[in-house]
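Chains as they are written, first to last, in this note's numbering: chain X, 1 to 152; chain Z, 153 to 815; chain C, 816 to 1143. C-beta: ideal position from N, C-alpha, C; glycine also. Note that this is a predicted model, so its numbers are computed, not measured. All remarks here apply to the structure that follows.
This is how it looks when you write it as structure tokens:
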């Protein structure tokens, strides 16, 4: 399990971001080129399209200790593959609703549409998401639904 | 065994200023599977690349991780580098420690920690990389153009001009399409026939172009570069090679009372006919439903008068199979049917006409030889009302939600032409908005209003009531906020346009996608506007969306350029990061096919060994056409069993990345 | 039901006699008075063991995946709710429709033995169904139940009496409607709880899971050749719950994989030995799909695209979920 505290004991979340190669990943590059910072807690995984993100990946991230998972794709209507983000949108909406139904904090997951030109937006989105996750604190619920004792 | 090499780039100080590159290399060296790790000022430089090549050889590396700038920057460069050293170019992963690390973090400790995680994530992934080879397929150097209107003709001419063969398949007996029925064109007012018919003749005379008129594409199989099409050449009962187009048969034919399609039913034609004087091919066709010989077996007059001996009553449909490398869809449009618009009395009064019908009534080759006369009594109309947006920008189910784009301009043209030819005629135009974005368009519209005195009324018409041979038009003027009543002699409706009814079946046949209005969808609405998402299928003209003639011609030529670019290639190289179905896991449920935007997935029955007395069973399994798949991965998530995976971004690889980040 | 049983048996015998089928897929008696086992009958003689009563709850459509691949034609008995699963399997090309003679049969709701046992009934000798009454004969005497009180939960919110597919139908004169509640009632109750209460609820339920895979094995939508959880290449293969997260992963993914395909037949909950209300996961997806993308009944026909293989450009955004009111 990853270390989640800084030297002075502050909580340091672990955030996994799945970014579409054609839009958000390029948007993240643009944020870099423009020197627009966001917390180092965010680690990006490049996928060809938001529709490549399997719910398994998200659950796995949580299982292995992620505190937040964000999926970024092209704006609806702008998908490089025409329709990928439309399918991703339905899948993620239903999955997130299910996680909420299981009582898991609904702000630990997010979908954002970020284009290749939106470096500023990419940085804002990541700052905002990281802030929310830091406020929520460590993800205990998804990591461990079974051992009642460890939570009590 | 894995032998991974890790190369950490300083990028001068771009990376090295906020990432301790030596520490990253040091940490990477400790990862299992890594046998070599180093850092260098500029990895992308020739010296840097030489270092990588040497290290691959010296250490017998099986995979390479480069920690540097974004893969969008230099992935292609480094692929070539590792390939030059004998590795498969896909045994490479890039850890983006510049754009996504050193440039956004100021603290060197933070930056270094993150860079180490990004490096180990790339290492975890590269361990699962497999050598990939781009597929190759041959290109048939011939294009198929479906639809022989101005869009299809222009595309065909341009493709032929570049030296490639083109077949035009047109369902009507002649090519030319809607433009043949138009009298004059805006904003220049030159005659449509004068500019179109030379192009039709060019197409007919071009050695590279073959015209299949009175024909339809029945089936298309295959994929980009090698499509196989079946074309049904309908029996016209006239031998195309013998007919000289003299027209003797048409004047002798006793069955004369058949609606003339070319003049939109405003006059009649014989059972054997040539659509119009400049038809291409200029060959007669027999309308079997009107022909007395075909119906009763008696008559045969045309056969007797045909000196060329071209009449063949027993001609049958013919199926022609041809191969193509690219397909152009140019299926065009039709005005919508107005039978649901009772308020405009279109079905009740012959003096309520559509704009296209008005074109025929004003055309020298039309039913009135170009004199504008009322269809009901043949008198000159003195008051004409135009109604805009009939079925366009419409909320209810009778019409279309979109703007048909061409109506504002052709109505201004009609109004202007009428006022010029018949100055005693009053012209009123009811409109919602006048939309004139185009070169010289607004000037044209203003001329109609300012020079020709056309009365534009902002508002819609509620009702058209035929009475005493006149048409009472009741509408509202939204600017003066008054009810308007006009006693008109004629009413002209600017009917919305819609894709040709064949669009849907053509789209299905080509696995190209269409939108809810049956317009073909582009591969990208902004950046790939003349390509369909299906590789090798291109879009020309109104089949993609409403447009006027200059836009259609521009798109047709753009489309031709794309086709030429494709046909110029001898081999097509495909992206090897495509989907692959594991047949042993696939249950053939079709969910992957449903989400594939490219129609890349088909199904085949395969025999599998199973335990038990039967020993084997036949199962339906998915097949991915690698030349067509673009590698989006939609299918991989739709597939519940995980039978569908994406090469280069496999489930296992992405899982390994997740695990490496969360370690 | 006795009359229906007779008619079905007669029909099955006739199908064997005229050679139109070589097998019949139905139910036969199991070890106990309330155990009914899906069974393939290969001759009219074997039909002696055939039974159709209040305990024939098992959905037979999934067995057709294998059986319809065998030689000859098989007749299958489908209750109205089973006919949805049947259609869904046809749609997914999992069963060979041409090899099947589908007989839609009447259903007046199926009995829940757990409800009977929960009333303290022991040493059951036999169970008699008599119209709206269920009489349980035990060593200690008879116990009478109102039939409606001992029905399976799924029958209390029955999808309807109409079959959506079938080649012929054998239906009762007077058809019984057992519907007394809305099937989303329990989902709504959960939705109304706080996230922590929901978490508590699901933690206590899902922690009971022993990964016996009964839910997966009985589910007509779970028909993969090999489940992702058995596939080494999927990265999530696990035969058992090796860590505390596994059962959540398993049930969430299982529900997700059948979302848009699940006909809400309720078999998962019926067979769960730990009595986990698994149908509440599936129904949540169904409810969300209905609300977000328009009402959709999986298996209502064999053509309509499923909601997860379709989209509208104006679909709801996922932020809809995080923007919901309430805590966290």
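Helix, strand or coil for residue i, going by three-state DSSP, please let me know.
i                      : result
residue 592 of chain Z : coil
residue 580 of chain Z : strand
residue 348 of chain Z : helix
residue 782 of chain Z : coil
residue 97 of chain X  : helix
residue 149 of chain X : Confidence at residue 149 of chain X is low in this model, with a pLDDT of 37, below 50, so the placement of that residue should be treated as unreliable; the coordinate-derived value is given next. Correct three-state label for residue 149 of chain X: helix.
residue 338 of chain Z : coil
According to the neighbour-count rule (16 or more other Cβ atoms, all chains shown, within 10 Å of its Cβ), is residue i buried or exposed?
i                       : result
residue 1104 of chain C : buried
residue 346 of chain Z  : exposed
residue 306 of chain Z  : buried
residue 339 of chain Z  : buried
residue 589 of chain Z  : exposed
residue 822 of chain Z  : Look at the range of chain Z in this structure, 153 to 815, and you will see that residue 822 of chain Z is not part of it.
residue 521 of chain Z  : exposed
residue 723 of chain Z  : exposed
residue 228 of chain Z  : exposed
residue 54 of chain X   : buried
When you compare each of the options to residue i by their alpha carbons, which one comes out closest?
i                       : options                    : result
residue 1122 of chain C : Z:743, Z:590, Z:715, Z:381 : Z:743
residue 130 of chain X  : X:40, X:63, X:36, X:96     : X:40
residue 1028 of chain C : C:832, C:1066, C:994       : C:1066
residue 740 of chain Z  : Z:803, Z:790, Z:725, Z:784 : Z:790
residue 255 of chain Z  : X:128, X:9, X:13, X:29     : X:29
residue 472 of chain Z  : Z:436, Z:462, Z:372        : Z:372
residue 397 of chain Z  : Z:382, Z:426, Z:409, Z:385 : Z:426
residue 985 of chain C  : C:1085, C:997, C:895       : C:895
residue 1048 of chain C : Z:478, Z:280, Z:444, Z:592 : Z:280
residue 546 of chain Z  : Z:180, Z:208, Z:584        : Z:584
residue 211 of chain Z  : Z:222, Z:200, Z:237        : Z:237
residue 727 of chain Z  : Z:735, Z:687, Z:762        : Z:687
residue 760 of chain Z  : Z:607, Z:257, Z:773, Z:514 : Z:773
residue 135 of chain X  : X:63, X:105, X:78, X:80    : X:105
residue 415 of chain Z  : Z:606, Z:440, Z:387, Z:518 : Z:518
residue 1033 of chain C : C:926, C:880, C:959        : C:880
If we ignore side chains and look at the alpha-carbon of each, how far apart do residue i and residue j end up?
i                       : j                       : result
residue 97 of chain Z   : residue 495 of chain Z  : Past the boundaries of the shown model lies residue 97 of chain Z; chain Z is included only from 153 to 815, so the question cannot be answered.
residue 698 of chain Z  : residue 556 of chain Z  : 6 Å
residue 765 of chain Z  : residue 16 of chain X   : 50 Å
residue 379 of chain Z  : residue 1004 of chain C : 56 Å
residue 323 of chain Z  : residue 299 of chain Z  : 7 Å
residue 1096 of chain C : residue 904 of chain C  : 21 Å
residue 1142 of chain C : residue 96 of chain X   : Here residue 1142 of chain C scores only 46 on pLDDT, less than 50, and its place in the model should not be relied on; the value that follows carries that caveat. The straight-line gap from Cα to Cα measures roughly 16 Å.
residue 995 of chain C  : residue 972 of chain C  : 6 Å
residue 8 of chain X    : residue 140 of chain X  : 22 Å
residue 1110 of chain C : residue 332 of chain Z  : 47 Å
residue 145 of chain X  : residue 1026 of chain C : Unreliable placement is indicated for residue 145 of chain X, whose pLDDT of 48 sits below 50; the coordinate value is still reported in the next sentence. Rounded to the nearest angstrom, the two C-alpha atoms are 15 Å apart.
residue 6 of chain X    : residue 45 of chain X   : 24 Å
residue 509 of chain Z  : residue 592 of chain Z  : 26 Å
residue 636 of chain Z  : residue 542 of chain Z  : 18 Å
residue 648 of chain Z  : residue 86 of chain X   : 29 Å
residue 1000 of chain C : residue 1008 of chain C : 13 Å
residue 155 of chain Z  : residue 263 of chain Z  : 27 Å
residue 207 of chain Z  : residue 249 of chain Z  : 21 Å
residue 806 of chain Z  : residue 815 of chain Z  : 14 Å
For residue i and chain A, any beta-carbon pair shorter than 8 Å?
i                       : result
residue 1068 of chain C : No chain A appears in this structure, whose protein chains are X, Z and C.
Inside the segment 817–887 of chain C only - alpha helix (DSSP H) runs reaching at least 4 residues: The segment 817–887 of chain C contains these whole alpha helix (DSSP H) runs: 817–832, 879–882.
Length-filtered (3 minimum) beta strand (DSSP E) runs lying within the segment 960–992 of chain C: The beta strand (DSSP E) runs lying completely inside the segment 960–992 of chain C and spanning 3 residues or more are 983–985, given in chain order.
Residue ranges of each alpha helix (DSSP H) within the segment 360–443 of chain Z, 4 or longer: The segment 360–443 of chain Z contains these whole alpha helix (DSSP H) runs: 400–404.
Unbroken stretches of the alpha helix (DSSP H), 4 residues or longer, contained in the segment 1036–1092 of chain C: Runs found: 1061–1073, 1082–1086.
In chain order, each beta strand (DSSP E) run of at least 3 residues that lies wholly inside the segment 190–260 of chain Z: Taking 3 residues as the shortest admissible run, the segment 190–260 of chain Z contains the following complete beta strand (DSSP E) segments, listed from N- to C-terminal end: 215–220, 244–248.
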